[in-house]
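S.K.:
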Amino acid sequence: MKNYIAETIGTFSMIFCGCGAMVINDFTGGTITHPGVAITWGLIVMAMIYAFGDISGAHFNPAVTIGFAVAKKFSWQEVPKYIVSQFIGAITASLLLLYLFPESDLGATLPTIEPLKVFIIELLLSFFLMVVIINVSTGSKEIGPIAGIAVGSVILLEAMFAGPLTKASMNPIRSLAPALASGNFTHLWVYLTAPFVGMFLAVYSCKLVKSENCCDDKC
Numbered sequence: 091m092k093n094y095i096a097e098t099i100g101t102f103s104m105i106f107c108g109c110g111a112m113v114i115n116d117f118t119g120g121t122i123t124h125p126g127v128a129i130t131w132g133l134i135v136m137a138m139i140y141a142f143g144d145i146s147g148a149h150f151n152p153a154v155t156i157g158f159a160v161a162k163k164f165s166w167q168e169v170p171k172y173i174v175s176q177f178i179g180a181i182t183a184s185l186l187l188l189y190l191f192p193e194s195d196l197g198a199t200l201p202t203i204e205p206l207k208v209f210i211i212e213l214l215l216s217f218f219l220m221v222v223i224i225n226v227s228t229g230s231k232e233i234g235p236i237a238g239i240a241v242g243s244v245i246l247l248e249a250m251f252a253g254p255l256t257k258a259s260m261n262p263i264r265s266l267a268p269a270l271a272s273g274n275f276t277h278l279w280v281y282l283t284a285p286f287v288g289m290f291l292a293v294y295s296c297k298l299v300k301s302e303n304c305c306d307d308k309c
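Residue 91 is where the sequence shown starts when you use our numbering, and the numbers rise one by one after that.
1) Excluding sequence positions up to five away, which residues of its chain have a Cβ less than 6 Å from the Cβ of Ala-183?
2) Considering only C-alpha positions, which residue in the set Ser-194, Ser-227, Ile-129, Leu-266 is nearest to Val-113?
3) Are the CB atoms of Phe-275 and Ala-284 within a distance shorter than 8 Å?
4) In terms of residues, what are the limits of the alpha helix (DSSP H) holding Thr-155?
5) Inspect the beta-carbon positions of Thr-98 and Ile-211 and report whether they are closer than 8 Å.
6) Are three or more beta carbon pairs between the region 213-221 and the region 291-300 nearer than 8 Å?
7) If we count Cβ pairs, one from each stretch, closer than 8 Å, do we get three or more for the region 234-244 versus the region 120-128?
8) I'd like the ranges of any alpha helix (DSSP H) spanning at least 4 consecutive residues and lying wholly in the region 264-308.
9) Assuming Leu-188 contacts Leu-196 under a Cβ cut-off of 8 Å, what Cβ separation, rounded to an integer in Å, is found between them?
10) Which same chain residues end up closer than 7 Å to Val-208 when comparing Cβ atoms and leaving out the 5 residues on each side of it in sequence?
11) On the premise that Ala-141 lies in contact with Gly-383, defined as a C-beta separation below 8 Å, what is that separation, rounded to the nearest angstrom?
12) In or out: Leu-206 buried (at least 16 other Cβ within 10 Å) or exposed?
13) Near Leu-185, which residues of its chain fall below 7 Å by C-beta distance, leaving aside the five closest residues on each side in sequence?
Structural data, given as structure tokens:
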């Protein structure tokens, strides 16, 4: 039970701080700035990995959870429970932001370019993220002194350069929760599909650069 609570709290914190930074940046006329928003995303993910990595693995992302299951590092029986926990955390954070800033878009992932290009970019961003995660994790847990810095840094990097175009979601729950709370579902399908494809490709790429049993419980 503790791991599900950890996933809920971690996902809540990530969405509230990350999307909150986007909302407050708009609300205050850009005082946080785009780099500031990107840094906020990277830091909150890093902090939550160090807080909960040894409890739940600090997935905070259904695509990561399923990616670990595909890699045989995580039980498929646990996948639905993790996703439900992540959804509860994300939607709670989005609803709280809705209460605090009812006129905002709640940090929804609203692209500024055509959907196909968004799909390609989000697929690649998710691929890069999972490549880092699967190579710094122990089993399905992002633990150790390197994991938080590595994962937080890649999220900061990707949010920095891709945020203005796609909002750099890399996470279906991160896009779904603000969409449900705000009622804005513009091109949501892209953000519900591209991360999974990117994560799957990252898992399978593991075998191209590591031993044949790189993706199993013994890794």
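Don't be surprised by glycine CBs; every beta carbon is placed ideally from N, CA and C.
M.R.: For this structure:
1) Phe-102, Ile-105, Phe-106
2) Ser-194
3) no
4) 152-160
5) no
6) yes
7) no
8) 278-299
9) 6 Å
10) Pro-201, Thr-256, His-277, Val-280
11) Any question about residue 383 goes unanswered here, given that the chain covers just 91 to 309.
12) exposed
13) Ala-271
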